[in-house]
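Enquirer: Heads up: the sequence shown begins at 23 in the working numbering, then just goes up one per residue. For every residue, glycine included, the Cβ atom is placed at its ideal position computed from N, Cα and C.
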Amino acid sequence: MVYDLIIIGAGPAGISACLYAARQKLKFLCVTKDIGGLANFIPEIDTYLGYHYMSGYELVSKFRDHLRDYSVQACMGGVKSIKKQGKNFLVNADCGRYETKSILIATGRGFKKLGVKGEAEFEGKGLSHCAACDGPMFKDKVVAVVGGGKSGLLSTLFLLKIAKKIYLLEKNSKLGDHVSPDIIDAIKKSKKVDIITNADTTEIVGNKFVTALSYKQNGKLKNLNVGGVFVEIGYVPHNDFLKGFVKLNARSEIIIDKENETSVRGIFAAGDCTDIQEKQVIVAAGEGAKACLSALTYIMEQ
Ligand SMILES: Cc1cc2nc3c(=O)[nH]c(=O)nc-3n(C[C@H](O)[C@H](O)[C@H](O)COP(=O)(O)OP(=O)(O)OC[C@H]3O[C@@H](n4cnc5c(N)ncnc54)[C@H](O)[C@@H]3O)c2cc1C
Numbered sequence: 023m024v025y026d027l028i029i030i031g032a033g034p035a036g037i038s039a040c041l042y043a044a045r046q047k048l049k050f051l052c053v054t055k056d057i058g059g060l061a062n063f064i065p066e067i068d069t070y071l072g073y074h075y076m077s078g079y080e081l082v083s084k085f086r087d088h089l090r091d092y093s094v095q096a097c098m099g100g101v102k103s104i105k106k107q108g109k110n111f112l113v114n115a116d117c118g119r120y121e122t123k124s125i126l127i128a129t130g131r132g133f134k135k136l137g138v139k140g141e142a143e144f145e146g147k148g149l150s151h152c153a154a155c156d157g158p159m160f161k162d163k164v165v166a167v168v169g170g171g172k173s174g175l176l177s178t179l180f181l182l183k184i185a186k187k188i189y190l191l192e193k194n195s196k197l198g199d200h201v202s203p204d205i206i207d208a209i210k211k212s213k214k215v216d217i218i219t220n221a222d223t224t225e226i227v228g229n230k231f232v233t234a235l236s237y238k239q240n241g242k243l244k245n246l247n248v249g250g251v252f253v254e255i256g257y258v259p260h261n262d263f264l265k266g267f268v269k270l271n272a273r274s275e276i277i278i279d280k281e282n283e284t285s286v287r288g289i290f291a292a293g294d295c296t297d298i299q300e301k302q303v304i305v306a307a308g309e310g311a312k313a314c315l316s317a318l319t320y321i322m323e324q
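1) Roughly how many angstroms separate the alpha carbons of Gly308 and Leu318, rounded to a whole number?
2) Under 8 angstroms: does the beta carbon of Tyr70 sit that close to some heavy atom of ligand 1?
3) When you compare the CB positions of Ile125 and Ile30, do they come within less than 9 angstroms of one another, or not?
4) Is the closest heavy atom of ligand 1 to the C-beta of Gly78 under 8 angstroms?
5) What would DSSP say about Thr219, mapped onto helix, strand or coil?
6) So, for Ala208: in the same chain, excluding its five sequence neighbours on each side, which residues have a beta-carbon less than 7 angstroms away from its beta-carbon?
7) Once you ignore the five residues that flank Ile120 on each side, which residues in its own chain have a CB closer than 7 angstroms to its CB?
8) Which whole-angstrom value describes the C-beta separation of Leu40 and Leu89, a residue pair presumed to lie in contact below a C-beta threshold of 8 angstroms?
9) Might you give, ordered along the chain, the residues of its own chain that have their beta carbon closer than 7 angstroms to the beta carbon of Val138, omitting 5 neighbours on each side?
10) Reducing DSSP to helix, strand and coil, say where Lys135 ends up.
11) Are the Cβ atoms of Val165 and Val253 separated by less than 9 angstroms?
12) With respect to 8 angstroms, is the separation between the Cβ of Pro158 and the closest non-hydrogen atom of ligand 1 below this value?
13) Report the residue from Lys84, Gly130, Thr284 whose alpha carbon sits nearest the alpha carbon of Leu270.
14) Rounded C-beta distance between Phe231 and Cys152? I'm assuming under 8 angstroms.
15) Excluding the 5 residues flanking Gly33 on each side, which residues of the same chain have their C-beta closer than 7 angstroms to its C-beta?
16) So Ser195 and Asn229 are supposed to be a Cβ contact under 8 angstroms. How far apart are they, rounded?
17) To the nearest angstrom, how far is the alpha carbon of Lys211 from that of Asn245?
18) Give a yes or no on whether the C-beta atoms belonging to Lys102 and Phe263 are separated by under 9 angstroms.
19) Determine which residues share a DSSP beta bridge with Gly250 and list them.
20) Should Ile304 be listed as close to ligand 1, given that the test is whether its C-beta is under 8 angstroms from any heavy atom?
21) Which residues in the same chain as Asn282 place their Cβ atom closer than 7 angstroms to its Cβ, once the five residues preceding and following it in sequence are excluded?
22) Cβ atoms of Phe133 and Gly256: under 9 angstroms apart, would you say?
23) Any heavy atom of ligand 1 within a distance shorter than 8 angstroms of the CB on Leu51?
24) Verify the contact flag: Lys55, CB atom, against every heavy atom of ligand 1, threshold strictly below 8 angstroms.
25) His260 to Ile206, Cα distance in whole Å?
26) May I ask whether a heavy atom of ligand 1 can be found less than 8 angstroms away from the beta carbon of Asp162?
27) Which word fits Gly36, buried or exposed, when buried means at least 16 other C-beta atoms lie within 10 angstroms of its C-beta?
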């Protein structure tokens, strides 16, 4: 059996694409590792039209409810590779191998890792990537924020209201400048924050929970006793399986044109995994719809 379309990922972009594909009665399959993607972790969202303040998880439940009215075939698993098979494509996933006329990639992005000892071990045990989600668990604790770029500074600002003390570690000689000077001023003025520049994190230490963080500064190994670590060093698109197959930019984002088509004819992409500037739920959902309609045109032309 050959599908018209395989949608990879079921975050806001993928779910929206599924809705359009179902309404167009395409023969399609959604291959995904989960339902909702990063949107599940948004503590509160008020920028999705039609829905006032709600958690990302609640919004995803609304998306699921909407899809229940349609028949959507899903395969729960990760895609490992894609290859060309004549005019069609072969999608190789944990949950099966499928042939399709076209593909829509909506795999989003994940948090960048430090790649140091203890990081994997203490993930969720004092190590977090989201101050807005997990911050309240660190009330009156001493914490470290790793990363002095936009995400790290915004997290530090958020934690000012919660934590007892914050060490802000930046590996370069100064904090990032893509943030309003008011935010940087507020952080610099706060007696709660110690800014440590030229700090290269080397290890997350703990027992059952994080207890310390080690870093190197000017060749010297130093240690901070902390009850929590927020790693805020940016994001990486989930595009590893596409390397060498579709064109990616220097940030590993999929390069798309205004029809959401990638460098490979018949392969479309939408949402946070692409090179669009705005990484937002409402944008991802709109892009998913747009990409699906472009795929539909492509399928009809075939
Ligand atoms: C802490 C935080 C707060 C945020 N706050 C807001 C906010 O207030 N407002 C807002 O609009 N946006 C916010 N965002 C951004 C928003 O979450 C994203 O823009 C949105 O989720 C992107 O949707 P997406 O569908 O492109 O990707 P995702 O939501 O990341 O979904 C990707 C999907 O692809 C699947 N997948 C990944 N790799 C594979 C693979 N190899 N095979 C199969 N499936 C795969 C995943 O399982 C998932 O289902 C926030 C993000 C974070 C992290």
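Expert: Reading from the atomic positions:
1) 15 angstroms
2) yes
3) yes
4) yes
5) Per DSSP, reduced to three states, the secondary structure at Thr219 is coil, with no helix or strand assignment.
6) Leu179
7) In the sequence as displayed, the identity of residue 120 is Tyr instead of Ile. Taken in chain order, the residues that qualify are Tyr25, Ile28, Leu51, Val113.
8) Here residue 40 turns out to be Cys, not Leu, going by the sequence shown. Right, their Cβ atoms sit about 6 angstroms apart.
9) Thr223, Thr224, Glu225, Ile226
10) coil
11) Cβ atoms of Val165 and Val253: not closer than 9 angstroms.
12) no
13) Thr284
14) Incorrect: roughly 17 angstroms between the Cβ atoms, too far for contact.
15) Here the set comprises Gly58, Gly59, Leu60, Ala61, Ala128, Gly130, Gly293, Ala306.
16) So it is not a contact: roughly 34 angstroms between Cβ atoms.
17) 24 angstroms
18) yes
19) Val165
20) Indeed, a heavy atom of ligand 1 lies less than 8 angstroms from the Cβ.
21) Phe290, Ala291, Ala292, Glu309, Lys312, Ala313, Ser316
22) yes
23) no
24) Look at Lys55: its beta carbon is less than 8 angstroms from one of the heavy atoms in ligand 1.
25) 31 angstroms
26) no
27) By the neighbour-count rule (16 or more Cβ atoms within 10 Å), Gly36 is buried.
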